[in-house]
Every structure is written in C-alpha cells, then in structure tokens.
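S.K.: Let me give you the structure first, and then I'll get to my questions.
Number of protein chains: 2
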Amino acid sequence: MGRADFPIWFSERVQHMETVLDGFLPESSIVPMRLHEAMRYSVMGGGKRVRAALVYAAGEACVPAGQSVTSAQGIALDHAAAAVELIHAYSLVHDDLPCMDDDDLRRGRPTVHVRFDEATAMLAGDALQPLAFELLAQMPVAPALVVQAVEALARCAGSLGMAGGQAIDCASVGLDLSQEQLQIMHGMKTGAMLEASVLLGGIVAGASSTARQGLEAYADAIGLAFQVVDDVLDVVSDTSTLGKTAGKDAAGNKPTYVSLLGLEGSRELLQALRQEAHAAVLPLGPPGTRLAELADYIVGRNR
Amino acid sequence: MGRADFPIWFSERVQHMETVLDGFLPESSIVPMRLHEAMRYSVMGGGKRVRAALVYAAGEACVPAGQSVTSAQGIALDHAAAAVELIHAYSLVHDDLPCMDDDDLRRGRPTVHVRFDEATAMLAGDALQPLAFELLAQMPVAPALVVQAVEALARCAGSLGMAGGQAIDCASVGLDLSQEQLQIMHGMKTGAMLEASVLLGGIVAGASSTARQGLEAYADAIGLAFQVVDDVLDVVSDTSTLGKTAGKDAAGNKPTYVSLLGLEGSRELLQALRQEAHAAVLPLGPPGTRLAELADYIVGRNR
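See below:
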C-alpha cells in the first residue's frame, strides 16, 4: 500500500514541525530563562515526531472528499501537532527523573535533569502541559471543535490515559502481568497519546463520527504495535542505535511483550496489528494512505 | 464594606466545593487505584478554597444587572472553581517534593510523597493538570467562552505564570532580590492563579471587557497581598496554626517581603493593597461586594 513518496512526506512534516515548535516555545532569552531553555531542550531534542505526523496524516485524511486542508485548518493542525509533541516531551522528561526511571540518556543526549537539575526538569514538564492546552485554545477553527480537541487531549493525557499508564507501569515492576494487563497498561501509557494525535487531526478536519470510529480503531492497533516494537527493540537493538539505554527493561525486571510472547510471537502480533491498522483506515479511501504508511513505519522502525 | 453574612456565604461555597471536587475526582476504586487515591489525598486535604471562592464571587459579580447566575452558569462555575483548585493542588504536591522545597508537612498532614512515594506524587500532580482542562472543556456554556477559559487557565499556569514563578523562586534562594523582582516573582507564582480564578468566574458569567479589566486590577492587588500575608505569617505564626513548617523562609534564606520591608512596612503595604482591591471592584456595584469581602479575608487570614 505504501508509496515511494512517503519518506519525503514524512520528512517534510517533521522539518515543518521543528520550525513550528521553535516558534511556539518561549525564547530562552525571556524570563525565567533557565526554565525556557530547559523546555526547549526537552522538546527540540530530535524526537521522531511520529505523533505530529499522525496529527497531520489524520487531518489530511479527514477533510471532505475532493477538498484539501484549508489555510486555517493547516494552522490548526500545526497547533494540534505541537500540542501532542509537547505533552509527549513533558512525559519523557518526568519519566527520566530519578524518582521514576532514573535515566541519564535520551535521544543520545543527557536527560533534562542531568543537563539542568531535577527541579528545573520537573518544572519544565509542568510548564509544557499548559502550553499544549494554550496552543489548542488558539486554533483558528470553530470553538466547538477546539473544545472537543481540549477534551480529547486532556482525557488521553490524564489518569485514565498516559499518566495513569505510567503509574501502572511504575507499580508493576517485578510483577507478573498477564497479556491483558500488559495491554491495558500500554494502551494507557503509549496508546492514549497516539489516539489523541489521530483524534485531534480528525477533529480539526471536521471528521464525521464514522471517520472518527475508524481513527480510533486505527489508533488502538498502532498504539499497541508501538509498544511491542519498543519491547522488541529493547532486546535486539543496542544503546547507540536506540539513543537510550538498551536492555533496560529486562535489567529492571519489567514485564514486556517479548518476555510474555517471545521474539517470534511478538513479531507475529506486530504483523496482525499492522493489518488491523490498514483495515481501519480503508473506509477513508486514498486520503487514508498516509495513515496506513505510518502504521508500516511504526512497525518497521529501528529506534 | 463587609457584611455579617460573608462567613456563611464563604463557608457554603467551601462546603459545596468539597462535594463538587469529590464528584469530579476519579474514585479510588478505579484503576490505577493508588494514583487516584493520591490525587484525592492531594486535593481533598482541607485547603482554604480561596481560589474557588474567587471564581464564585467573580461569577456572581459579573452576571448582567438584575439577573442571577443561571443553572448552566452555576454548573460551569463549579467546573471552573474545581479546575483552579486542581491546578493549585498539583502545584503544592510538586512544590513539596524533595527536589523542590522538600516539605514533610502540608495542612497538618504528611505531604503526598511522604504518605505515598515520590513517583506517585509526581504522577498525581501530572494527572491533576489535564483533569482541570477536561473540566473546563465540559462547561455547559458557549464554546467560545470555554475556549477563553482554557486559554486563561493555561496562560496563568504556564511558564509565564505559576510554573515560571516557581522556577524564579527556586533560582533566587540566597540571592538579594529587589522589591520589584520579588513582586514579579510572586505575581507569577501566586498572583497568576488568583487572576485565573477571577477571570474564569468573569468569563463564565459573560463579563464585559470593562468588568474584566476591573477583575484584573483586583487580582493584581489580592495576588500581591496574598504573598505579603504568607511572608508575615511565616514570621509571626507557629507551625501548628499554619499547618506547615513556620519560619521556613528565613531558615532557607529566602527573600521575603518581611526581610525587605520589615513587619510594619509589610502591614502598611497590605492595607494599601486592600484598598486597591476594593476600588477595583467598586464599578461592579453591590454584586462586587463578595470580592471586596474576599480581599478583606485574604488580608486578615491567620493561616
């Protein structure tokens, strides 16, 4: 299903996202300077921008047939894509802190609390969250759509979404989780924000409720796939390729898909999820192709 | 200006807020249970609810002349009041962590990281933020007003508001700050969320732009007053009355209004700010009385 121009499309969106984020983040010269510097360091650290790409792909897929993204919708997608990247960035900063995963390395660079200090890292994360919601509030689309976007992001980032998944993850170190329990945890920790990404794209583009259902099914599949790939990479990859400490899950006695299903079983699950994702966006027709291609990318990524 | 029924009005709003917050917070029986328990512990710990009272007072002051708060506006005020209390609660939880103020006692009880653990305290704070924005998104008023409320809360909670003030506070321990620098810091750290409280009340009630200017001037005065009172209490009160460690600022060599202006100078400043606050809400007429009374309460409080 993938097209040869997908890498170009993806790379254009990623580069555009870097410019947009740079413009949205307060300058390091504005007081409090150290906090703003830490926020920029947290966000501009060379992330894969998969979530931003999902926002754009879902937005481009859901505009009414025969139309393309309007200028206002394009700006709104920038805001929405930046918002999910800011929430993702804050979660990594807090996750790396000593009281959580205590990681020194992220994307090949010192983590925020190592480069700055713990208090600054915590506050940088704390300040990235409201900036995400501020960007949504400033989207130039109908206020009713903005409200839907705020609600979706808040729900996916909260105690029944990402933050809750993080809490379950912390609490389950050293425990034997069933596949179902593992799936619930990752569905919250990782899946919820991937779901937020595609939902926000759909909301901005005025997606029908049928289209939104397709997006949700797609998000369920890629959310799970994302985590399975993470677990596989933790085993088969090395620290320099990953840009973070490899083998950490096994060392920390964390339950993973690989420990549960084995490498082969994990890879079979990935192919099934990839097909699920493709099927979910099929009703969107040709505009849904980018979403299918992103599913392939997520399953095939090596870092 | 104050009326004899103010304590009743205030106490009714506080009790109502407790019920409302109890209803909005996820039950401790819902997974992740420990996180939800920590969120409840953070929020339901007997706060003064000054911010909630400001939301209600501003809302009641800004409905058009001759009208009273509608049922939908009343529900929206509940959401807005809960939202500012959640943001305030999260900020205290993170502020008490070892990497920040490292406090063991808050409102006479063990702080969240002492009662639970550091990771749970951080995640509880992280999860309270999106819940606040979710509650705003669910307000039953015009979507355009909801969007204004989200933007105001996000701005006041962010790096140019509360989180930024916290960062400056951390960075200024042991430094000599001028009165102007101290004022900027506290204006962000404490004042911004008091401003958010009155603004949100005004927005829900459909306040005119003139009324909103009055609210902002009022918020500036009480925001500053709030901090001056805090500094005075840290010197003249004791730990059991305060419910937190007294004398902590002086021990930590933190710059305060008392260290800068002395006790007498601080008390003179308080009276001037009280008069400023009264003058700012005078144009609102009799419905603005509760706001004036809240200013008196803030200046006169002993914990």
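Protein chains in written order, with the numbering used here: chain L, 1 to 303; chain Z, 1001 to 1303.
Positions of the beta carbon are idealized from the N, C-alpha and C atoms, including for glycine.
Along chain Z, in chain order, which residues have C-beta atoms closer than 7 Å to that of L:F133?
M.R.: By one-based count along the first sequence, residue 133 of chain L stands at place 133. The answer, in chain order, is F1133, V1150, A1154.
S.K.: Please classify L:P32: does DSSP put it in a helix, a strand, or coil?
M.R.: On the first sequence, position 32 is the one that residue 32 of chain L refers to. Correct three-state label for L:P32: coil.
S.K.: Whose C-beta lies closer than 6 Å to the C-beta of Z:M1001 among residues of the same chain, with five residues either side of it excluded?
M.R.: Working through the second sequence from its first residue, we reach residue 1001 of chain Z at position 1. Model confidence at Z:M1001 stands at a pLDDT of 45, short of 50, so the residue's coordinates are unreliable; what they give is reported in the following sentence. Excluding residues up to 5 positions away in sequence, A1292 lie with their Cβ nearer than 6 Å to the Cβ of Z:M1001 in the same chain.
S.K.: Could you name the residues of the segment 1094 to 1119 of chain Z whose beta carbon sits closer than 9 Å to any beta carbon of chain L, in the order they occur along the chain?
M.R.: H1094, L1097, P1098, C1099, M1100, H1113, D1117, E1118, A1119
S.K.: May I have the straight-line CA-CA distance separating Z:G1285 from Z:G1202, to the nearest angstrom?
M.R.: In the second sequence, the residue the question calls residue 1285 of chain Z occupies position 285. In the second sequence, the residue the question calls residue 1202 of chain Z occupies position 202. Each residue's Cα considered, the two are about 15 Å apart.
S.K.: Answer with yes or no whether the minimum CB distance from L:D176 to chain B is below 8 Å.
M.R.: Looking at the structure shown, chain B is missing, and the protein chains on hand are L and Z.
S.K.: Is L:P110 helix, strand or coil by DSSP?
M.R.: In the first sequence, residue 110 of chain L corresponds to position 110, counting from 1. Strand.
S.K.: Around the Cβ of Z:S1178, are there at least 16 other Cβ atoms within 10 angstroms (buried) or fewer (exposed)?
M.R.: Counting from one through the second sequence, the residue named residue 1178 of chain Z turns up at place 178. When all chains shown are included, Z:S1178 counts as exposed.
S.K.: For Z:Q1183, which residues in chain L fall below 7 Å Cβ to Cβ?
M.R.: The residue labelled residue 1183 of chain Z in the question sits at position 183 within the second sequence. Residues of chain L passing the Cβ test: none, with the nearest at roughly 13 Å.
S.K.: Is L:A80 helix, strand or coil when you go by DSSP?
M.R.: Walking along the first sequence from the start, residue 80 of chain L turns up at place 80. Of the three classes helix, strand and coil, the one that applies to L:A80 here is helix, per DSSP.
S.K.: Check whether the Cβ of L:Q166 lies closer than 8 Å to any Cβ atom in chain Z.
M.R.: Walking along the first sequence from the start, residue 166 of chain L turns up at place 166. L:Q166 counts as touching chain Z.
S.K.: Grouping DSSP H, G and I as helix and E and B as strand, with all else coil, what is Z:L1160?
M.R.: Position 160 of the second sequence, counted from the first residue, corresponds to residue 1160 of chain Z. Looking at Z:L1160 - three-state DSSP - the assignment turns out to be coil, as it is neither helix nor strand.
S.K.: Tell me which same chain residues have a C-beta within less than 7 Å of the C-beta of L:F24, skipping the five on either side of it?
M.R.: The sequence position of residue 24 of chain L within the first sequence is 24, counting from 1. Closer than 7 Å at Cβ, skipping near neighbours: A82, L135.
S.K.: Less than 8 Å between the C-beta atoms of Z:D1176 and Z:P1287, yes or no?
M.R.: Position 176 of the second sequence, counted from the start, is the residue given in the question as residue 1176 of chain Z. Position 287 of the second sequence, counted from the start, is the residue given in the question as residue 1287 of chain Z. For the pair Z:D1176 and Z:P1287, the CB atoms are not nearer than the 8 Å cut-off.
S.K.: Would you say Z:G1206 faces chain L, with C-beta separation under 8 Å as the test?
M.R.: If you number the second sequence from 1, residue 1206 of chain Z lands on position 206. Not an interface residue.
S.K.: With 16 as the cutoff for other CB atoms within 10 Å, does Z:I1008 come out buried or exposed?
M.R.: By 1-based counting over the second sequence, the position of residue 1008 of chain Z is 8. Z:I1008 should be labelled exposed.
S.K.: Any heavy atom of the ligand ZN closer than 7 Å to the Cβ of Z:G1288?
M.R.: This structure lacks the ligand ZN; in fact it carries no ligand of any kind.
S.K.: Can you confirm whether the segment 51 to 61 of chain L touches the segment 191 to 207 of chain L when touching is taken to mean that 3 or more C-beta pairs between the two stretches lie within less than 8 Å?
M.R.: yes
S.K.: Name the chain L residues whose beta carbon is nearer than 7 Å to that of Z:L1035?
M.R.: Position 35 of the second sequence, counting from 1, holds the residue named residue 1035 of chain Z. What Z:L1035 touches in chain L: S159, G164, A167.
S.K.: From the DSSP secondary-structure annotation, give me the bridge partner or partners of L:L105.
M.R.: If you number the first sequence from 1, residue 105 of chain L lands on position 105. Per DSSP, L:P110.
S.K.: Compare the C-beta of Z:D1126 with all C-beta atoms of chain L and state if any pair is closer than 8 Å.
M.R.: Taking the second sequence and counting its residues from 1, one reaches residue 1126 of chain Z at position 126. Interface residue, yes.
S.K.: I need the boundaries of the alpha helix (DSSP H) containing L:C62, first residue and last residue.
M.R.: Along the first sequence, one-based indexing puts residue 62 of chain L at 62. Unbroken alpha helix (DSSP H) run through L:C62: 50 to 62.
S.K.: Identify whether Z:G1173 lies in helix, strand or coil by the three-state DSSP scheme.
M.R.: Along the second sequence, read from residue 1 onward, the residue named residue 1173 of chain Z stands at position 173. Residue 1173 of chain Z is actually Val in this sequence, not Gly. DSSP places Z:V1173 in coil when its eight states are reduced to three.
S.K.: Taking only beta-carbon positions, decide if L:Q227 is within less than 8 Å of chain Z.
M.R.: What you label residue 227 of chain L is simply residue 227 of the first sequence in a count that begins at 1. For L:Q227, the answer is no, since every Cβ of chain Z falls outside 8 Å of its Cβ.
S.K.: Starting from the C-beta of Z:S1172, find all residues in its chain whose C-beta is less than 7 Å away, skip the five residues before and the five after it, and write them out in chain order.
M.R.: Reading the second sequence from its first residue, position 172 is the one you call residue 1172 of chain Z. So the qualifying residues of the chain are M1185, P1255.
S.K.: Can you give me the C-alpha to C-alpha distance between Z:L1215 and Z:V1084, rounded to a whole angstrom?
M.R.: Position 215 of the second sequence, counted from the start, is the residue given in the question as residue 1215 of chain Z. Position 84 of the second sequence, counted from the start, is the residue given in the question as residue 1084 of chain Z. Their Cα atoms are separated by approximately 16 Å.
S.K.: Could you say which of L:L105, L:A65, L:G47, L:D96 lies nearest to L:L86 if we only look at CA atoms?
M.R.: Taking the first residue of the first sequence as 1, we reach residue 86 of chain L at position 86. The residue from L:L105, L:A65, L:G47, L:D96 with its alpha-carbon nearest to that of L:L86 is L:G47.
S.K.: Is Z:A1144 close to chain L, meaning its C-beta is less than 8 Å from at least one C-beta of that chain?
M.R.: As a working mapping, residue 1144 of chain Z is identified with position 144 in the second sequence. By this cut-off, Z:A1144 is an interface position.
S.K.: What residue from L:P283, L:G265, L:G161, L:H88 has the CA that sits closest to L:S208's CA?
M.R.: On the first sequence, position 208 is the one that residue 208 of chain L refers to. Here the closest residue by C-alpha is L:P283.
S.K.: Counting only Cβ pairs nearer than 7 Å, list the residues of chain Z close to L:Q73.
M.R.: As a working note, residue 73 of chain L is residue 73 in the first sequence. Chain Z residues near L:Q73: none, gap ~17 Å exceeds 7 Å.
S.K.: Measuring only between beta-carbons, confirm whether L:V147 sits less than 8 Å from chain Z.
M.R.: The sequence position of residue 147 of chain L within the first sequence is 147, counting from 1. At least one chain Z Cβ lies under 8 Å of L:V147.
S.K.: Given this structure, state the Cα-to-Cα distance separating L:L21 from Z:S1068, to the nearest angstrom.
M.R.: One-based indexing of the first sequence puts residue 21 of chain L at position 21. One-based indexing of the second sequence puts residue 1068 of chain Z at position 68. L:L21 and Z:S1068 have their alpha carbons spaced roughly 44 Å apart.
S.K.: Skipping 5 residues on each side, what residues in its chain have a beta carbon closer than 8 Å to that of Z:H1088?
M.R.: What you label residue 1088 of chain Z is simply residue 88 of the second sequence in a count that begins at 1. Closer than 8 Å at the Cβ level, and outside the excluded window around Z:H1088, lie G1047, R1051, M1193.
S.K.: Quick check on DSSP: helix, strand or coil for Z:Q1166?
M.R.: Counting from one through the second sequence, the residue named residue 1166 of chain Z turns up at place 166. Three-state result, Z:Q1166: helix.
S.K.: Suppose you measure from the CA of L:L224 to the CA of L:S266; what does that come to, to the nearest Å?
M.R.: Numbered from its first residue, the first sequence carries residue 224 of chain L at position 224. Numbered from its first residue, the first sequence carries residue 266 of chain L at position 266. Going from the Cα of L:L224 to the Cα of L:S266 covers about 11 Å.
S.K.: Name, please, each residue of chain Z whose Cβ falls closer than 8 Å to the Cβ of L:M39.
M.R.: Residue numbering aside, residue 39 of chain L sits at position 39 when the first sequence is read from its first letter. The answer, in chain order, is S1159.
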